[in-house]
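Below is one structure; the comments refer to it alone.
There are 2 protein chains.
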Amino acid sequence: MQTCFFALSGVLPHDESIHQIKKAIEKTYSKKGRKIIDQNFRAVDMTLENLFEVHIPLHTSASISKERKIPSFAPEFVRNVTQMMIAGNGDEIPVSALPIDGEYPSGTTQWEKRNISDRIAVWESDLCIQCGNCSFVCPHSVIRSKFYHKDYLDDAPPSFKSVYINARGFPETKYTLQVYLEDCTGCNLCYEVCPATDPLDRLRKAIHLDEKESRLEGERKNIQYFELLPHNDRPTVNYSTVHGVQFLQPLFEFSGACAGCGETPYIKVLTQLFGDRLLVANATGCSSIYGGNLPTTPWTKNAAGKGPAWSNSLFEDNAEFGLGMRLTADKQVSMAHQLLKKLEPHLGESIVQNLIESSQEKESEIAEQRHRVSQLKAILQRMDSGDAKHLLSIADQLVKRSVWLIGGDGWAYDIGSGGLDHALASGRNINVLVLDTEVYSNTGGQMSKATPTAATAKFAAAGKRVGKKDLAMQAISYGNVYVAQVAMGANPQQTLLAMREAEAYNGPSLILAYSHCIAHGIDMEKGLDQQNKAVMSGYWPLIRYNPVLRKNNKNPFVLDSPKPVIPFKSYAYNELRYKVLTQTQPDDAERLIQLAQEIVDLRWKTYVEMAGYGPNSFQPVL
Amino acid sequence: MQTCFFALSGVLPHDESIHQIKKAIEKTYSKKGRKIIDQNFRAVDMTLENLFEVHIPLHTSASISKERKIPSFAPEFVRNVTQMMIAGNGDEIPVSALPIDGEYPSGTTQWEKRNISDRIAVWESDLCIQCGNCSFVCPHSVIRSKFYHKDYLDDAPPSFKSVYINARGFPETKYTLQVYLEDCTGCNLCYEVCPATDPLDRLRKAIHLDEKESRLEGERKNIQYFELLPHNDRPTVNYSTVHGVQFLQPLFEFSGACAGCGETPYIKVLTQLFGDRLLVANATGCSSIYGGNLPTTPWTKNAAGKGPAWSNSLFEDNAEFGLGMRLTADKQVSMAHQLLKKLEPHLGESIVQNLIESSQEKESEIAEQRHRVSQLKAILQRMDSGDAKHLLSIADQLVKRSVWLIGGDGWAYDIGSGGLDHALASGRNINVLVLDTEVYSNTGGQMSKATPTAATAKFAAAGKRVGKKDLAMQAISYGNVYVAQVAMGANPQQTLLAMREAEAYNGPSLILAYSHCIAHGIDMEKGLDQQNKAVMSGYWPLIRYNPVLRKNNKNPFVLDSPKPVIPFKSYAYNELRYKVLTQTQPDDAERLIQLAQEIVDLRWKTYVEMAGYGPNSFQPVL
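If you're matching them up, the sequences are chains D and E in order. Sequential numbering from 1 applies to the first sequence in the numbering used here. Sequential numbering from 1 applies to the second sequence in the numbering used here.
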């Protein structure tokens, strides 16, 4: 645009203006290497070569409109307020239309069809092996799966795709993988992770990108039909497998995160696993932005109108904020128990006892407790006492709450680390999920204590010289904290296991999740591949430390990843954050990459020793 | 007093008033156990039994005054301002007499003779083996030692004590241990730690408490004479031994800390070791109060007028504050080097090269650098350029600085832990000394993350249920942080070694120092004994983790304390903080002490594994 401006406006002599633009490019990108500079030069030159006059017609003739009206069955608030904001007319909303208490409805991204990609994921049902990987890693929850009785297909649109489910003993059950194409960003992670290749055409896989336009109308109908199919019942799903969990409804969808985001898949899986029992304290950072920016929020609710309770807090106090959620929930449960006992003569001994004492470990048990709570609420509504009203107001808390503290490394390793340490030390049943991009992603790439040796970042332009903080080891030192380090691109099964173990552990839990990021300077399509290389190089060992094992006289420390098979630089030098130094300061780069390798080796050695393996043996657990 | 008041005033019926007082006692002290309540009851009863009228004479007849005038050779500010404050007449000081920039002179506790104890430490020179232990542990630096040529004794007062020094090859060298009796608090730690017992009288030791009054005049003269003896030259002293280091002048003396304080001896030794090169950032807490309260400060300076630079900062930012001291010192050194090179034509190549390149590892080398800096300053003073003036203003920084961040566990484990973590992660050459009393001592005994399982504290009145944070392990996880855990009551030699290694290490260092405290509910005379029991039970393992060892292919983790020989409760139940629970909640107490023992066992096992010893072997290093 700048090139065009100077070429057309004539405010500077032509040659002089182009010279100045190129000088500025050289200065700005000198640290990114010659290739980037040359690409920019070429962009300038091609701009000049392709500059031509566009005649603007006096009247518009196109009939296609990308703007879709929000359908009439959307909630009133969405139709009256959210829609205006999406259309960029927020200033015209009268103050009287806005919520007086700042409360906004959740689940509103579904009404904001962003259509940002011309190419979208397409399912080839004939190739699919139903592994669930594509859906598991999809950053925007646009790939959904359901199984259902084949009779449901009687009314399906003709283009609705389905296959028989890959499971013995269910000959009448069909399976559909539905892509929400208007929300698809075309990031291609699904294709990269898909293991089902056409033997006749190695590039064709069970899911791949293809053009969108011609599919729009048909798929809209398919999605509408897919939504009418019942959600698979939570207790019927196999929680221990990636494909099993993908039958659960995600309660986090269509966020505004980057295409190919490495963070959001972790959050999505959390909402599938723990659904409407989630209480989330979200630290400031990318996840607070894509998690709760106006006009829409990706956090949503299930068919019963229940969803996670989510709130954002500051970098510096999010752990305490989440701990407060836990303390509050615990207090409300104990108040509810007291009231139940007090009202026992009116409620009956059996329901009170069941409500207080029933196990809520399995999903089926939680469903039963939910049912009991509904019964209780129905009774309480017919009662008139103050105690009954009080109990009614907190009865939902009798269903086990799952408290999660979520944030990035800027929060957990740096600004909020004191509070996180405090919350972990409390011994309370909180779960912490750190979306570790190893840099302050949202504010533009500043170094954090999670930034590794030899990587560049703002405030570490010459490569970080000290090591990445080993937050896992710090938490392990408490002895009673469940700790896991995961990378879904390397082992989604281990990610799943860690999340379930963390939640099941009745004490503090910490999961460090490797999250690839545009700030790494990578081809985002290869994000999961980089996760795998991080693990294969030994840089990011997959671990689980479960204090429960100690009670059974087992070693609580489990190393889930195999012995390193590639050097650190084979992983690192696919990323511009490392690579750039080889161009700007080759000697330093060489020295730092060696130091980084030494740190990787030392850490691996420490972990192997903790796992109790001999120096040459290895005993993978998963 | 309350008993007297009610007995005399008659505002309540006699029996009723005594009943109410006892009821209040019972309520207040019920958690401290029956014994304390009964002691209070007895105090009330004895008050009544001993209540008698005192006839006040019309005229005073006593000739003794405890108030000593500050001598005329004291600095002007001390005579005009400090003295007024000490006398309680601060309100009468004119504003014009106060420093306009808030700067107060250091080394002023020496003028405030508090005379708080009737019984003071007395040296029995015939029994003394010159081990230095008494002086090492003295919390108020009132026990000093010097060696000197015997000719110095020619002018000594007749009561001045001396013996020949215990060292081969110095037949003409005498040794004196001088007690500053007006500053002695009578805490008795010196007696407890003294190994030199009279074989004919097991209770008589080389140092012991005795009455003060009759010794006052004579000892004042002795002290005056002792001060005239030259301080032992820093390079001539053996830094590796307790008695050697006690020949060094402490630059922290006569503080207002509790009698028998477990913190101050550590600070004193620091000032002896690193003297006037110290920069101290002191977190809020006991150490900031006794370290810098008006009207006097215990931080002092040597004969050359140089002393530690000390400043107090907040709980929440002291680590960053101290890191800033380091960065500033480093920056000033690099500025000084630049200026030296610029001025080389005027200064001469040799002095510039020596100032920049000379080693400053040994004390003798530091003395040489100091001498070179003096020469430089003399030359610069004769020069007129701006560069010369600038260099003159920072030339003192060319002498290696020793930056220490000091504070309690409330700072390091809790409120300042995020900042401490950040400072340690910086990789910079800072040294951290944590005076770990395991509780917020200064603010009245609130629980911190350093408070151990089973101990009571404010906010943990029913005994702490979670474990003490293992700050040592957290710091070790960085890999490049020197970490030590010390307890001078168990092994002063190891304390000394850790301090010297920490300072010598060119990177971040952390020393966790067990500090017994009145908040533990102990007989303070037995403070050092409790330190020893903490180590003997395996509760407080003595460790040193030195990253330098790894470079030499050695295990950086060294376990300095022997296999536990007593159960945890043999240590814990000498302290009211643990014991009280056995009276108030015996069942919980039993459960918690078992849990605490399990945590001790687990931690010991982890440390033994890290040290690389087999499960049954033990290889002490010291």
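A virtual CB, placed ideally from N, CA and C, is assigned to each residue, including glycine. Model, not experiment: these values are computed from the prediction.
Proximal residues to residue i (C-beta, below 7 Å), its chain only, five neighbours per side dropped
i, result
"P157 (chain E)", "K221, N222, Y225"
"M383 (chain E)", "H346"
"R544 (chain E)", "A484, A498, E501, V558, D560"
"S359 (chain E)", "E365"
"H149 (chain D)", "E172, T173"
Buried or exposed (CB count within 10 angstroms, at least 16 for buried), residue i
i, result
"G407 (chain E)", "buried"
"I129 (chain D)", "exposed"
"T60 (chain E)", "exposed"
"E645 (chain E)", "This structure gives no information on residue 645 (chain E), because the portion of chain E shown stretches from 1 to 622."
"K469 (chain E)", "buried"
"T297 (chain E)", "buried"
"G507 (chain E)", "buried"
"G305 (chain D)", "exposed"
"K341 (chain E)", "exposed"
"H679 (chain E)", "Nothing can be reported for residue 679 (chain E): it is not among the residues displayed for chain E, which extend from 1 to 622."
"D154 (chain D)", "exposed"
"S638 (chain D)", "There is no way to answer for residue 638 (chain D), as the model of chain D reaches only from 1 to 622."
"N238 (chain D)", "exposed"
"G10 (chain D)", "exposed"
"S162 (chain E)", "buried"
Test item: CB-CB of residue i and residue j under 8 Å
i, j, result
"A519 (chain E)", "T437 (chain E)", "yes"
"H516 (chain E)", "Q494 (chain E)", "no"
"A457 (chain D)", "M447 (chain D)", "yes"
"S135 (chain D)", "S145 (chain D)", "yes"
"K212 (chain D)", "C194 (chain D)", "no"
"P547 (chain E)", "G489 (chain E)", "no"
"Q474 (chain D)", "S17 (chain E)", "no"
"M325 (chain E)", "V269 (chain E)", "no"
"E219 (chain D)", "L181 (chain D)", "yes"
"A412 (chain D)", "V439 (chain D)", "no"
"S313 (chain D)", "A283 (chain D)", "yes"
Nonlocal neighbours in the same chain, by C-beta distance under 6 Å from residue i, ignoring five residues either side
i, result
"I626 (chain E)", "Any property of residue 626 (chain E) remains undetermined from this structure, which presents chain E solely from 1 to 622."
"N133 (chain D)", "V193"
Inter-residue Cα distance where the pair is residue i and residue j
i, j, result
"L549 (chain E)", "N555 (chain E)", "6 Å"
"I93 (chain D)", "R114 (chain D)", "22 Å"
"P308 (chain E)", "D396 (chain E)", "13 Å"
"T606 (chain E)", "G612 (chain E)", "10 Å"
"A572 (chain E)", "Y578 (chain E)", "6 Å"
"K377 (chain E)", "N429 (chain E)", "27 Å"
"A388 (chain D)", "E316 (chain D)", "39 Å"
"H14 (chain D)", "S63 (chain D)", "40 Å"
"G386 (chain E)", "S350 (chain E)", "22 Å"
"L343 (chain D)", "N553 (chain D)", "43 Å"
"T300 (chain E)", "S106 (chain E)", "5 Å"
"E217 (chain E)", "T108 (chain E)", "22 Å"
"A425 (chain E)", "A472 (chain E)", "14 Å"
Contacts around residue i, its chain only, beta-carbon distance under 8 Å, and the 5 residues preceding and following it disregarded
i, result
"Q597 (chain D)", "P567, F568, K569"
"Y152 (chain D)", "K174, L229"
Residue i beta carbon near the ligand MN (any heavy atom closer than 7 Å)
i, result
"M536 (chain D)", "Looking at this structure, you won't find the ligand MN or any other ligand, since it has none at all."
Enumerated in chain order, which unbroken segments of the beta strand (DSSP E) with a length of 3 residues or greater are wholly contained in the stretch 393 to 444 of chain D? 402 to 408, 431 to 436, all fully within the stretch 393 to 444 of chain D.
Let me know the alpha helix (DSSP H) ranges lying completely inside the stretch 135 to 197 of chain E, each 4 residues or longer, listed in chain order. For secondary structure counted as the alpha helix (DSSP H) over 4 or more consecutive residues, the stretch 135 to 197 of chain E holds these complete runs in sequence order: 189 to 193.
I'd like the ranges of any beta strand (DSSP E) spanning at least 3 consecutive residues and lying wholly in the stretch 497 to 521 of chain E. 509 to 514
Alpha helix (DSSP H) segments (min. 4 residues) lying fully within the stretch 220 to 259 of chain D: 242 to 245
At which residue ranges does the stretch 273 to 355 of chain D contain complete beta strand (DSSP E) runs of 3 or more residues, listed in the order of the chain? 278 to 283, 309 to 313
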